[in-house]
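Reading through the structure tokens given below for one structure.
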Amino acid sequence: MKKATRQAYGEALEKLGHENKSVVVLDADLAGSTKTSIFKKSFPERFFDMGIAEAGMVDTAAGLAHTGKIPFASTFAIFGAGRAFEQVRQSMAYQKANVKLVTTHGGISVGEDGGSHQAIEDIAIMRAIPNMTVILPADATETEKVINAIAEYEGPVYVRLSRMNTEILFDDNYKFEIGKGNVLEEGSDITIIAMGIMVEEALKAQKVLKKKGISAAVINMASVKPIDKNLIVEYAKKTKAILTVEEHSYVGGLYGAVAEVIVKNAPVKMDFVAMNDSFGKSGKPADLLNHFNLTADAIVEKAVNLLK
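Going by our numbering, the first residue of the sequence shown is number 3, and it counts up by one from there.
Shown next as structure tokens:
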């Protein structure tokens, strides 16, 4: 079964609206695409369409947070992390405002919208901001868990979701915790650490590697900041190499976050499967992922070479 994480977000938000009267939602004229329209339909008096004014949306969300509300503000990742950066930094993070900036259409899987609308640097931008929590769920199930978790968490949060339908990897028993990674497969030769929609590709690659006689551990690192340092160090010592996998530039993303932990605590061979410091292109999502080598095959190739 497939479902887009943005769809799961809209459904989780609407459910949360019934459970918590303090939840309010803001959107920058994209409610149909971000799926906040689902919340709007049930709670029109708690929904604010801010128009094409992302900076104003973030400032307003911060103001609402200071009155005791729990604002979820949404737009595309390229606008939330880019156009509203100053407001995210000053009004959200600097003030430690309890705003949840949940963006959709992240990465190159946005597809035909092209390189101008494909956020491949948003994680690096958000991760560099003090006080900011940064999360990328892997599937629809984890997205719902994330939304519930950040509603309970006090402080600014950035969540990146995707546009395309992806496989549901986890059942309702799956547990998400801010600051913790999840070991999906055990292994002794190499550790694959993935986030977002690339977790599915990492799991596919693990099966291929197993047939090749390579034992690969797979970790879903949805919480990029804070990151699970203890788990990374444990597997850096347990296996011979670490391979990070992300639909994001390797500069400042998951690769950078993991490398920062490794270099200080447990140096080991590393490589990445990621956007190689380039912008995206216009095309069908599957074709783009293949073009930029964000596939299970690419993971297998990098893993084999890393272990040579």
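Using N, Cα and C, we set each Cβ at its ideal position, and we do this for glycine too.
Problem set entry | Beta-bridge partners of Thr-168, as assigned by DSSP | Lys-5
Problem set entry | Cβ pair Ala-219, Glu-262 closer than 8 Å | no
Problem set entry | the segment 200-209 in contact with the segment 173-188 per 3-pair CB rule at 8 Å | yes
For this session: State the Cα-Cα distance for the pair Leu-290 and Lys-98, rounded to the nearest angstrom.
Result: 37 Å
For this session: State the Cα-Cα distance for the pair Glu-13 and Gly-84, rounded to the nearest angstrom.
Result: 26 Å
Exercise. Name the DSSP beta bridge partners of Met-277, please?
Worked result: Ser-251
Exercise. Taking C-beta to C-beta, are Ala-55 and Ala-30 nearer than 8 Å?
Worked result: yes
Exercise. Residues in its own chain within less than 8 Å of Thr-135 by CB, not counting five upstream and five downstream?
Worked result: Ile-152, Tyr-155, Gly-157, Pro-158, Val-159, Tyr-160, Ile-180, Ser-225, Lys-227, Pro-228
Exercise. When the Cα atoms are used, what is the spatial distance from Lys-23 to Ile-221?
Worked result: Cα to Cα, the separation comes out at about 35 Å.
For this session: Go through its chain and collect everything with a Cβ distance to Lys-304's Cβ below 8 Å, but skip five positions before and after it.
Result: Leu-245, Asp-273, Phe-274, Val-275
Exercise. By DSSP, does Glu-187 sit in helix, in strand, or in coil?
Worked result: strand
Problem set entry | Contact the segment 115-128 vs the segment 50-68: 3+ CB pairs below 8 Å | no
Exercise. What did DSSP end up calling Lys-271 once you bin it into helix, strand or coil?
Worked result: Assignment of Lys-271 by DSSP, reduced to helix, strand and coil, places it in the strand class.
Exercise. DSSP state of Ala-86, grouped into three classes?
Worked result: coil
Exercise. Which residue comes first and which comes last in the alpha helix (DSSP H) that contains Ala-305?
Worked result: 298-309
For this session: Have a look at Lys-17, Gln-9, Ala-57 and flag the residue whose alpha-carbon is nearest the alpha-carbon of Gly-34.
Result: Gln-9
Problem set entry | Candidates Glu-203, Asp-174, Ala-57, His-119: closest to Asn-292 by CA position | Comparing Cα-Cα distances from Asn-292 to each of Glu-203, Asp-174, Ala-57, His-119, the minimum goes to Glu-203.
Exercise. Start and end of the alpha helix (DSSP H) containing Leu-291?
Worked result: 287-293
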